[in-house]
Amino acid sequence: MGNKDFNIEKKIKVKIGKAQITEKRINELNKLIVDLEFDNRQLRMEVNFLYCKLQQKPPTKEDYETNF
Numbered sequence: 030m031g032n033k034d035f036n037i038e039k040k041i042k043v044k045i046g047k048a049q050i051t052e053k054r055i056n057e058l059n060k061l062i063v064d065l066e067f068d069n070r071q072l073r074m075e076v077n078f079l080y081c082k083l084q085q086k087p088p089t090k091e092d093y094e095t096n097f
């Protein structure tokens, strides 16, 4: 019976380890998504600024607002 308990305990530890690795990876991917969203906003602001400059009008507050 002791060997069976050891095997169950070992399987539980392996599953916990895999879950921790998965959680770490999810956190890394979430951080990447946030960084990409920030970069996207920055690029939109730059494009809007350049577009306004080409039209020779000063940018307005609405030019910098982005909808997500």
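Take the sequence shown: its position 66, counted from the start at 1, is 95 in the numbering used here, and no numbers get skipped.
Cβ atoms here follow ideal geometry from the backbone N, Cα and C, with glycine treated the same way.
Linking Glu52 to Phe67 through their CA atoms gives a straight-line distance of about 23 Å. Rounded to whole angstroms, the gap between the alpha carbons of Arg70 and Gln85 is 22 Å. In the structure shown, the three-state DSSP call for Gln84 is coil. One Cα belongs to Glu38, the other to Ile50, and the distance between them is close to 18 Å.
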